[in-house]
Structure formats: structure tokens, C-alpha cells
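Protein chains in written order, with my numbering: chain A, 25 to 315; chain B, 25 to 315.
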């Protein structure tokens with residue numbers, strides 16, 4: 025049981041965490057921290073937090089666990105605000121989609137990443153943002169990746185693991201750089217491709233007609249292009265090297281498919297499609313096996 | 025009211041058409057035609073067809089309307105089987121995803137496309153195939169594009185329009201080549217991108233982990249890569265010129281985004297993401313306004 029949880033940045037990710045912990049009776053008190061009084065008031069009205077404040081240093085007082093759920097661009101500022109404010113016994117984690125950049129932020133603020141900061145990333149979300157979009161089931165059966173630093177005591181990692189497990193998630197640990205490489209492929213690359221596709225089609229001559237005759241497949245394929253642009257600019261630029269490598273590698277594969285199609289190598293086109301269908305069937309089995 | 029409808033190729037598309045017409049009491053009798061006796065028996069058991077046969081020429085006898093719902097690669101063979109079998113007063117349409125190739129097939133078989141053949145394309149589907157996947161709501165509020173030839177009498181076009189409207193769809197007419205260009209962008213290109221992405225990731229070193237840590241966004245983004253590979257090989261190769269052009273144009277756009285990201289031009293990355301999010305919001309408004 026968590027006695028007092030502080031959530032810095034009360035939106036979809038932090039709000040859903042609070043709701044899922046409450047649902048599972050795993051938390052007594054939730055303190056929310058954010059810049060907007062209106063948003064904190066909405067979070068209180070929605071039963072997400074018990075009370076709110078604007079100063080991260082104030083929010084963490086007396087908290088046993090703190091989760092930083094702000095956009096990556098705000099991470100360094102929040103860490104700076106926490107300097108000297110984190111009491112012994114308090115453990116802090118974050119929910120940033122890129123882990124190398126968070127550890128870099130911690131180094132920039134503290135020199136050495138502090139022992140109390142266990143970097144983490146819940147692999148869950150929707151294209152919607154804000155505390156109104158939060159829901160208690162967001163983490164059910166989902167993965168949370170922790171990327172502990174050399175400074176983290178085992179006990180701190182275990183407490184963050186227990187937090188996410190209490191929210192319904194499954195926790196694994198890996199190196200931060202490896203996390204960033206894997207997520208570049210499965211999350212950041214598809215987002216970049218979807219944004220690029222919708223942007224491209226919107227610039228083509230018959231854009232009105234193109235969208236007019238698009239159907240369900242297109243809607244699903246481009247759903248992630250409705251995600252918050254500034255948040256995803258942050259994620260993509262924070263994971264620049266891995267994402268650029270993934271984009272270039274994908275472009276080579278797509279170029280080969282295009283040339284096979286252009287050259288009439290229809291057997292090669294079929295091989296790519298068959299291989300993809302089979303791989304996706306395996307992915308769906310993985311997902312099913314997990315839930 | 026359609027007295028007798030013949031469906032050649034009883035799968036998701038033809039089966040859903042029969043179910044929606046029955047739901048709306050718009051058809052008296054449905055004859056199904058296919059090669060597999062087992063599939064026809066399933067279609068009968070599911071209430072999709074009243075009786076079945078294996079020969080297209082037999083299926084169209086006494087039918088007022090005929091819908092050819094076979095894969096594009098089987099289209100020419102079906103048209104050849106109908107030579108001399110279509111009675112005066114019978115109108116035939118098809119549901120092929122590419123219209124230029126169907127008209128080309130008709131030219132190859134008949135010289136001039138027959139007056140009774142009105143090419144069409146319902147813009148609806150799911151990643152599932154087969155008559156078991158058919159459902160009565162598939163065409164509700166969806167678009168059907170007809171691409172009449174110079175040979176079609178107005179009356180024939182109107183009867184095919186009425187058929188699809190009775191199934192719940194909205195019908196528009198356009199040139200076959202324009203249809204193929206627009207669908208290359210909204211349907212064939214996204215399918216090729218999704219297949220290419222899953223195929224690419226499946227070949228990367230850490231493939232198991234990549235799929236292990238993929239989430240909902242990835243599942244939706246790649247849903248269309250679960251579509252039937254041979255069917256999509258047919259579609260992509262039947263629309264080769266337009267799809268290759270769309271793929272190359274997309275690759276240029278994606279290349280520009282990649283280079284902006286690599287060069288640290290984060291404002292340009294944000295502009296692409298913002299433009300895409302805005303364009304997709306417009307697309308969703310279009311979809312809502314329609315239903």
C-alpha cells in the first residue's frame with residue numbers, strides 16, 4: 025500500500041496511474057502537481073487526485089513515491105526543482121518515452137544521477153491527452169520498462185516495480201540505450217511514418233478527394249497521427265540517433281519493395297506481404313498470451 | 025426490390041452485400057457461385073445465399089443483378105465464363121479494388137467492354153476474409169465508387185447505384201483511372217507501408233523483443249498487414265503505375281522528414297506533425313459528417 029503518491033504532471037499517463045491504483049485500493053492519498061490550477065481542479069473533480077499544488081518541491085514532501093509524468097522537454101526543469109527536496113526514503117520515477125534523454129537530464133542537473141531516481145516507461149497510451157482522457161484500465165496487462173542506473177539501490181527499483189504491478193502492469197528491466205533502440209522501432213518509427221503519410225497526402229493535389237474516399241484501414245493506420253505533435257516532436261528529437269537509424273533502415277526496405285513492384289517482381293512483393301502477415305500473426309499471439 | 029441476385033465469389037464482400045440487402049428486405053433470392061462446395065454450404069448455413077452453384081454462366085441465368093466479388097486475378101476468367109451467358113436485362117457489376125485492370129480484363133475478353141458490365145468498388149472491408157467474416161453492417165454509410173464505361177446505358181448504372189444504396193452505401197461515379205490514383209494514395213499505399221514495416225521489423229536483429237514491447241499504437245498501425253497477402257499482391261500489381269508513383273512520392277516526403285530530424289531542424293519536424301494532426305482531424309470530421 026502506498027501511503028502518499030505524488031504525480032507531477034496530471035494528464036493521461038499520470039491520471040490513469042492514479043485511477044488504476046485507486047481501483048486496486050493500492051494508494052491512500054494522491055497529490056497532483058501541475059502549472060494549471062484549472063487542470064488540477066478538473067483532476068480533483070474527476071477523483072484522480074486528492075489535492076493539488078504548483079511546486080514540485082512541495083508536492084514530494086512526505087510522499088513515499090513520486091512519478092514524473094511531464095513531457096520530455098519539461099523533465100530537466102522538474103528535476104532541477106526537486107534538487108534538495110527529495111526526503112530520505114522517497115523514491116522517484118518517471119514515465120518518459122525516451123530513457124537516455126532523462127538520464128542525460130539527471131546528469132545535467134545533479135552530475136551523477138541520484139540514487140532516488142529510477143527511470144521508467146509505461147508502454148501504454150492513446151492518441152488523446154489530458155486528465156479527461158485518463159482511465160483506470162490503461163495499464164492492465166501492459167508492459168512497463170524500467171532502466172535502473174548504477175546508482176539505484178535494489179530496494180528503490182523494487183518499489184517502483186511494485187507500484188506499476190499494483191496498477192495492473194508487467195514490469196521488466198533493461199539498459200536505457202537498449203530501451204531507446206527497441207522503442208524507436210515499435211513506437212517512434214510508426215508515429216513518424218503515420219505523421220509523414222498524412223502530411224504527404226494533405227499536400228497532394230487531390231487532397232480533398234483523397235480523404236473523402238479513405239476508409240477504416242486508413243483511419244486505423246493514421247490514428248497515431250492524431251497524437252500531440254509537440255509531445256512527439258520531443259520524443260523523436262530526444263531519441264534522434266536511434267530514430268534516424270530506424271527511418272533510414274525502413275526506407276531501404278521500402279525502396280526495395282517499391283523497386284520490386286516497379287520491375288514486375290510480383291513474387292518478391294508477395295514474399296514481403298506473406299512474411300509481414302505471418303510476423304503480425306505472431307505478434308498478435310504474443311499480445312493474447314499476455315492478457 | 026431485386027428478384028434474383030447472383031454473387032460470384034461468396035466471401036467477406038459478396039457475403040456482406042447479401043446480408044445487408046436481406047436485412048433491408050431488398051432482395052428475394054440470392055444465388056451464390058464459387059469453386060468450393062464447402063464454402064457455398066457454409067454460406068447457405070449462415071443465411072447468406074439461398075442456393076449455390078459452381079459455374080458463373082449458370083449462376084447468372086434469370087438474375088436481374090450480378091455482382092462479381094472474386095480476387096482481381098480471377099476476374100478475367102469469370103468474365104470469359106460469362107461470354108454469351110448474360111441475358112438481356114441482366115446487369116453485372118464487380119467489387120474489384122482496381123478499376124483500370126477490370127476494364128482491361130473486359131477488353132481482353134470482349135474487345136469492347138460489354139454494355140451490361142458496370143465496374144464498381146465498395147470502399148469497405150476488414151483485414152478478415154471469407155464468408156464467416158461477412159456482416160450486414162459492412163456498407164452502412166460507406167462509399168461505393170462506380171466507374172461506368174462509355175458503353176454503359178444510364179439505366180444500368182442506376183440499377184447498380186440502387187443496389188449499393190439498398191445495402192446502406194453512398195454511391196459516386198468517377199473515371200476509372202482517377203479512382204485508381206485516389207485509391208493508390210488512401211488504400212494501396214498504406215497497405216504497402218504496413219506490410220513493409222512489419223516485414224522490416226521481423227528481419228531486424230532483436231525482432232522478438234521488438235514485438236514484445238510493441239503496444240496498441242503498433243497494433244492499429246499494422247492491422248492492415250494482416251490482410252490476405254495474395255489478394256493484396258493482386259491489388260498492388262493491378263495498380264502498379266499509380267502505386268509506384270505514390271510510393272516514390274511518399275519516400276521523398278519521408279526522406280525530407282528524416283533529414284530534418286537528422287540535421288536538428290526540430291521546428292520542421294514539428295510542422296510536419298502539426299500539419300498531419302490537423303489534416304487527420306479534418307478527415308475525422310469528414311467521416312463523422314457522413315455517418
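We put the CB at the ideal spot given by N, CA and C, even for glycine. Nothing here was measured: the structure is a model prediction, and the numbers come from that model.
- Here residue 312 (chain B) carries a helix assignment [DSSP, helix/strand/coil].
- When CB distances to chain B are screened at a threshold of 9 Å, the residues of the region 289-313 of chain A falling below it are 290, 291, 293, 294, 295, 296, 297, 298, 299, 300, 301, 302, 303, 304, 305, 306, 307, 308, 310 and 311, in chain order.
- Judged by DSSP in its simplified three-state form, residue 127 (chain B) adopts helix.
- Residue 86 (chain B): not part of any alpha helix (DSSP H); DSSP gives it neither H nor E.
- In summary, residue 136 (chain B) is exposed, with fewer than 16 beta-carbon neighbours lying within 10 Å of its beta-carbon over all protein chains present.
- Excluding sequence positions up to five before and after residue 205 (chain A), its CB lies within less than 7 Å of the CB of 266, all in the same chain and listed in chain order.
- Per the Cβ contact rule, the region 131-146 of chain A is in contact with the region 177-190 of chain A (3 or more Cβ pairs under 8 Å).
- For residue 233 (chain B), the chain A residues whose C-beta falls within less than 7 Å of its own C-beta are 206, listed in chain order.
- Each of A:116, A:253 and A:48 was checked against the Cα of residue 299 (chain B), and the nearest Cα belongs to A:253.
- Between the alpha carbons of residue 75 (chain B) and residue 30 (chain B) lies a distance of about 10 Å.
- Here residue 95 (chain A) is buried: its Cβ has 16 or more other Cβ atoms, across all protein chains shown, within 10 Å.
- Among the residues facing chain B, residue 188 (chain A) is not included, as its CB has no counterpart in that chain under 8 Å away.
- Comparing alpha-carbon positions, the option among B:276, B:172, B:149 and B:213 lying closest to residue 193 (chain B) turns out to be B:149.
- When the beta-carbon positions are compared, residue 207 (chain A) and residue 184 (chain A) stay at least 8 Å from each other.
- Proximity to residue 88 (chain B) across B:50, B:36 and B:66 peaks at B:50, based on C-alpha coordinates.
- With a threshold of 8 Å between beta carbons, residue 37 (chain A) makes no contact with chain B.
- Neighbours of residue 245 (chain A) in chain B, taken as residues whose beta carbon is under 9 Å from its own, are 214, 215, 217, 218, 244, 245, 246, 247 and 248 in chain order.
- The beta carbon of residue 143 (chain A) does not come within 8 Å of any beta carbon belonging to chain B, so the residue lies off that interface.
- Each residue's CA atom was taken as its position, placing residue 108 (chain B) and residue 83 (chain B) some 13 Å apart.
- Nearest Cα to residue 25 (chain B) within the set B:221, B:293 and B:190: B:190.
- Around the beta-carbon of residue 301 (chain A), 16 or more other beta-carbon atoms lie within 10 Å, marking it buried.
- For the region 25-51 of chain A, there are no residues whose beta carbon sits under 7 Å from a beta carbon of chain B.
- Per DSSP, reduced to three states, the secondary structure at residue 59 (chain A) is coil, with no helix or strand assignment.
- The distance from the Cβ of residue 277 (chain A) to that of residue 224 (chain B) is about 4 Å, consistent with a contact at the 8 Å cut-off.
- Using a Cβ-Cβ cut-off of 8 Å, residue 211 (chain B) counts as an interface residue toward chain A, since at least one Cβ of chain A sits closer than that to its own.
- Under the three-state reduction of DSSP output, residue 77 (chain B) falls in the strand class.
- Here the region 150-163 of chain A does not lie against the region 127-136 of chain A, with fewer than 3 beta-carbon pairs under 8 Å apart.
- Residues of the region 163-197 of chain A that bring their beta carbon within less than 9 Å of a beta carbon in chain B comprise 166, 167, 169 and 196, in sequence order.
- Pairing residue 67 (chain B) with residue 155 (chain B) gives a Cβ-Cβ distance under 8 Å.
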